[in-house]
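Numbering (my numbering), first residue to last: -15 to 1022.
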């Protein structure tokens, strides 16, 4: 919707007060030219000579006598303190809060030069880099940014000029970035190469902003003019109109007396810094490395405590809070469970301020060393839309009485009664700390350290064995490298997969050693509230478990073939493909993305569907009471393969055998989906208890995952799905990195992180914020000792929104898990391969889901119940289409491979698949592609997409090229036919051979055996069936 502000029936241009005539704009003509002298130029905002692009928003003048009557306008005039007695405001102002609708091209314009364009003529004497400053007045979070340009151009360095201070005239020179919405200094500038006349322009980014003055300076360290109007304007040509009557700004109130503040912190005070409190697992976060704060978008209050670390005595206690301009935060301090006092922090003029006005003191408090010191903070709001963050920096303690008070404890409130444990049943004895090493002590094999530790039950609460004990084992090779800090976990009786035990005293950690030779281990075992959630949190070292040490000898691996233990750990190495640490081979994948509910398997302990019988599922949801049994694959189980509890597991183990036997090397699964499409997978003792984990179920998962490693199957952990990754009860911490999410990630890493080939996918169709995504990924990276590959999956139409803010050093992600149409794979893969490389950290880009969502990769022709059509009778893409544009589309774009999604309407679909043979032929096509790259020793990790060399500069689906320039060229022809290859500038001869991607086999001879470089060359015709797809291999001749 556009609003024509020129229509007199809609708005009035000005209001006439006190009998004055309306002010006509512009105030100056084109003949007025401002002059730069000594690297400085300053201009009043109202002295523009031209305003354009004003159909939807226009700059209006406000003075003491005139104010625009344009509605809506949510704030009163701010003429007091405005330089020259006047300022401009961009109106109407229809977006004042995040909740108001953002309309690109109307109340917001991230693209400069489109709305509300003001132009000023200047004369530059000294060319160079000019840092741009502006003086503005902002009242909300949605009226505080502009763009600046020069001579009808809008360089990136002039975009998103950002201010954050509210409620007063303020200077600023910062640029808003994706990483810092408050703005970065020194990034807002215009480079002026030539002296002489120029036109400087400003335009709207957000409506409602009030604009007073601007200046440009070559001084990078130019001093902020503060509350003043700044340097005077100098005119080279023309004359300026007289200023309007000035209105003095009100004096800043003495806030020291407001609401109880006004305390100068004592110089000799003892200190408990806010950041020293254990914020992990609370609703606080650490802000700017110096404050604790509450994010009001997620929480409205937070509480944190830690023991008093200083000597017992009588103290005056000072809380150092942080004043904010969004609202008055409230604080409560208690010691040893006894309230000390409350404090309402005064409003600040700036976004945040510190000082005596924001401190409060409570005298003569007796405190014992070790007493719990707790700070509760509650956010505040002045307008009900913008909230403070309840920041605080420290508690200070100064001796009010040097005499210690041993009896102080008696005056404190009694400690609360601990919550009763949920666990019932017999209690056993603690272990003696004895350590046992299990498994084959070989390179890349799973080595398990089991320790007889404290007795616990899964449902214990005080202490909770999953949160309140932290076992970490440091494994170190005799050479000093590598050394791993491996998280441990509670393993019940040590054989829970068979016994279904929920209690015991066995604690474990797993190592997959990189090298043969002598290794040492040292166990760190600590106890404390939620200590497991923070690797750095202090706690009580628990003897005799803490400090256990030993050595063991590791032999070289004896494995060969597909077994990952023959090749080592798969690692991200800064390229678009993963590499095995042992063999040095690079990795391409092809395998199954379905069923996503693979772990909803009837043979796993305590696994059931939450969908009630008789419930009609919506499209894409699992049927009521649906669990997998994989009965068609029981026949694929082999003697000697693992089972549990008297033969359980044969269906799923057999299914993995089948997949591996077809040449696939990957499968994926959700490890938690409560509230999602399947609603039948969770690792906890109960679907709604996120702090107690099911030891037997997870041990049974581990049997399956370890078997997959032996089969050469990569584990794709999808940690959550879109329906339940935030803002719903089943989500972990509503999407935040809180105690639920931290524990979930730690438990999976501790139990399964030893696997040699896996990735952690933050979530399917993830809808967390970039900040939440970054935090989760960072935590995984910090806890995972093996630094496994981390990716994220999103909707096809949200890739730009999700991936762009995570590229390069903006996150620790190392790849993208793409979802897109089956015939858009090449283009989407190529985009993110290219964009990630530009950002400085090449991503591993795989295609893991192919649309349409209802069909995906269809069953083979003739499979029972499938006739080549969807539920509405419409023909769907064929398996040949998938081979051509999905499989080869990804590989020829420099992608890392594919996983096949089965849709939700066709037989054996994403949620009810029991039989992977339904896609038997597609697995063959994947195997053929993988074998081609391996058997022909194609260095794909050194190759890049070169579609333009075969006349496909747009990278459409007509033909693809992957090249190692001057050495090797692969040309894929999805529709057959012939192609040219541009070898201009490339000397030498090249052999030409053809590969059949349908049947595999040896390279074949086509119409031409060899071509000469130096020009465009025809590659000739294929050896047979010219209308079918072929791969041409053009290799430098020996």
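C-beta atoms are modelled at their ideal positions from N, C-alpha and C, and glycine is treated no differently. Treat the numbers as computed from the prediction; the structure is a model and nothing was measured.
- Residue 631 places its beta carbon 7 Å or farther from that of residue 618.
- In the DSSP secondary-structure assignment, residue 365 is bridged to 371.
- Our two residues, residue 172 and residue 579, have alpha carbons roughly 50 Å apart in a direct line.
- Contact annotation: residue 186 and residue 106 have beta-carbon atoms that are not nearer than 7 Å.
- Residue burial is scored here from C-beta neighbours: residue 748 has at least 16 other C-beta atoms within 10 angstroms and is therefore classed as buried.
- DSSP places residue 465 in no beta strand (DSSP E); its state is neither H nor E.
- Annotation: the continuous beta strand (DSSP E) that includes residue 831 extends over 828 to 835.
- Under DSSP, residue 900 forms no beta bridge with any residue.
- Burial check for residue 170: the Cβ neighbour count within 10 Å stays below 16, so the residue is exposed.
- The region 907 to 914 and the region 840 to 859 do not touch, with fewer than 3 CB-CB distances between them shorter than 8 Å.
- Checking the DSSP bridge columns, you'll see residue 954 partnered with 946, 1017.
- In terms of CA proximity to residue 1005, 960 leads the group 190, 188, 960, 620.
- By the Cβ-count criterion, residue 828 is buried, with 16 or more other Cβ atoms from all chains shown falling within 10 Å of its own Cβ.
- Going by beta carbons, residue 529 and residue 417 fall inside the 7 Å limit.
- Around residue 462, the same chain offers 501, 502, 503, 504 as residues with beta carbons nearer than 8 Å, after the five sequence neighbours per side are excluded.
- Residue environment analysis places residue 294 among the exposed positions, since fewer than 16 neighbouring C-beta atoms fall within 10 angstroms of its C-beta.
- Counting along the chain, residue 187 sits inside the beta strand (DSSP E) bounded by residues 180 to 188.
- Within the same chain, and ignoring the five residues on either side of residue 198 in sequence, the residues whose Cβ sits closer than 6 Å to its Cβ are 27, 118.
- Close CB contacts of residue 81 within its chain, under the 8 Å cut and outside five residues either way in sequence, are with 124, 125, 126, 369, 370 (chain order).
- A residue is called buried once 16 or more other Cβ atoms fall within 10 Å of its Cβ, and residue 813 is buried on that count.
- Between the region 569 to 588 and the region 874 to 883 there are three or more inter-stretch CB-CB distances shorter than 8 Å, so the stretches are counted as touching.
- Judged by beta-carbon spacing, residue 696 lies beyond the 7 Å limit of residue 903, meaning their Cβ atoms are not closer than that value.
- The beta carbons of residue 792 and residue 823 sit about 3 Å from each other, so the pair counts as a contact at 8 Å.
- Under the three-state reduction of DSSP, residue 104 is assigned to strand.
- When secondary structure is reduced to three states using DSSP, residue 689 falls in the helix class.
- For residue 884, the enclosing beta strand (DSSP E) starts and ends at 881 to 884.
- Judged by DSSP in its simplified three-state form, residue 588 adopts coil rather than helix or strand.
- By the Cβ neighbour-count rule, residue 422 is exposed, with fewer than 16 other Cβ atoms within 10 Å of its own.
- The three-state secondary structure of residue 809, taken from DSSP, is helix.
- Ranked by Cα distance from residue 305, the first of 512, 586, 261, 247 is 247.
- Taking the CA atoms as reference points, residue 459 sits about 43 Å from residue 873.
- With fewer than 16 other CB atoms across the displayed protein chains lying within 10 angstroms of its CB, residue 567 is exposed.
- Relative to residue 196, the option among 177, 74, 1019 whose CA is nearest is 74.
- Going by DSSP, residue 965 is part of the beta strand (DSSP E) stretching over 964 to 966.
- In this structure, DSSP gives residue 67 a helical state, which the three-state scheme calls helix.
- With 16 or more other Cβ atoms from the protein chains shown falling within 10 Å of its own Cβ, residue 820 counts as buried.
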